[in-house]
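Quick note on the numbering used here: the sequence shown kicks off at 331 and runs consecutively.
Read through the structure below, which is laid out as structure tokens, and then see the notes.
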Amino acid sequence: MKINEIFYSIQGEGKLSGYPTIFIRLTGCNLRCRYCDTKYAYYDGIETSLNDIFSRIKSYPCRNVCITGGEPLLQKETPTLIKKLVDKKYRVFLETNGSIDLSDVVKIEPKKYVMISLDIKCPSSGMQDKMRFENINYLSEKDQLKFVISNREDYEYSKDVMDRFKPNCEIFMQPVWGWEAERLARWILEDGLNVRISLQLHKIVFGDKRGV
Ligand code: SF4
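Next comes the structure, spelled out in structure tokens:
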């Protein structure tokens, strides 16, 4: 597999925010979101065997693994990596960008060890037309749906997606880094939305830099 980086840090997003986590960042992405903060993962990486990946991660005192990118499901070995991780009793958190079919990933057993974080890209990303909304139907209570918000149009778009597809999981709204979280919080409070704000805790703790 082509791996951009492996590192150990604090999960900064979503329902596992704050937990120590091993991150495996895979190379390559099929989207080009305007606000992307991981452009370095588009091409840079080293071919790494599954054995080498396991050698690297076993040095960390942690059983949470986040597979991220780029878009990790572009690489055909990713489902095998997930299966081997759960067989070794790691809890896997898969971050995926909403454009790739999830039907194979959701079959991996035991399901309770695989948590999917599905992005739905809003208009400000420029990538909203690439979404496969049918993926929302694969999510269950253990999973999460995430909208990155950078203006009112994104917020209204997110509400419309929630109304249309009624996701069966926790929903996170995350202000794009540098945008006003307070404004988003006030909109959510005014509308009484049953969603959670995600603030990229790792950037608050360590700063906006690579490898944390
Ligand atoms: S899906 Fe993620 S990695 Fe790909 S362009 Fe968008 S923000 Fe960047």
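The beta carbon of each residue, even a glycine, is placed where N, CA and C say it ideally should be.
Assigned exposure category for Asp434 - 16 Cβ within 10 Å defines buried: So Asp434 ends up on the exposed side.
Cβ pair Asn467, Leu448 closer than 8 Å: No. Outside cutoff.
Sequence-distant residues of the same chain with beta carbon closer than 6 Å to Asn394, five excluded per side: Setting aside the 5 residues that flank it on each side, Asn394 is surrounded in the same chain by Tyr349, Thr351, Arg421, each with a C-beta closer than 6 Å to its C-beta; the list follows chain order.
Heavy atom of the ligand SF4 within 7 Å of Lys361 beta-carbon: The question names Lys, but residue 361 is Leu in the sequence shown. Checking the Cβ of Leu361 against the ligand SF4 gives yes.
Segment limits, beta strand (DSSP E) that includes Lys332: DSSP places Lys332 inside the beta strand (DSSP E), whose first and last residues are 332–340.
Distance cut-off 7 Å: Gly399 Cβ against heavy atoms of the ligand SF4: Look at Gly399: its beta carbon is less than 7 Å from one of the heavy atoms in the ligand SF4.
Cys452 and Leu475 closer than 8 Å at C-beta: Not closer than 8 Å, so no.
Which listed residue (Thr398, Lys345, Phe384) has its alpha carbon closest to that of Lys419: Relative to Lys419, the option among Thr398, Lys345, Phe384 whose CA is nearest is Phe384.
Span of the beta strand (DSSP E), counted from its first residue to its last, around Met503: It spans 500–505 - the beta strand (DSSP E) in which Met503 sits, taken as one unbroken run.
Contact belief for Leu514 with Ile527 at Cβ below 8 Å, rounded distance in angstroms: In this structure Leu514 touches Ile527 by the C-beta definition: roughly 6 Å separates them, less than 8 Å.
Coarse secondary structure for Val422, derived from DSSP in three states: In this structure, Val422 counts as strand in the three-state DSSP scheme.
Length of the line joining the Cα atoms of Asn427 and Ile450: Cα-Cα distance, rounded: 7 Å.
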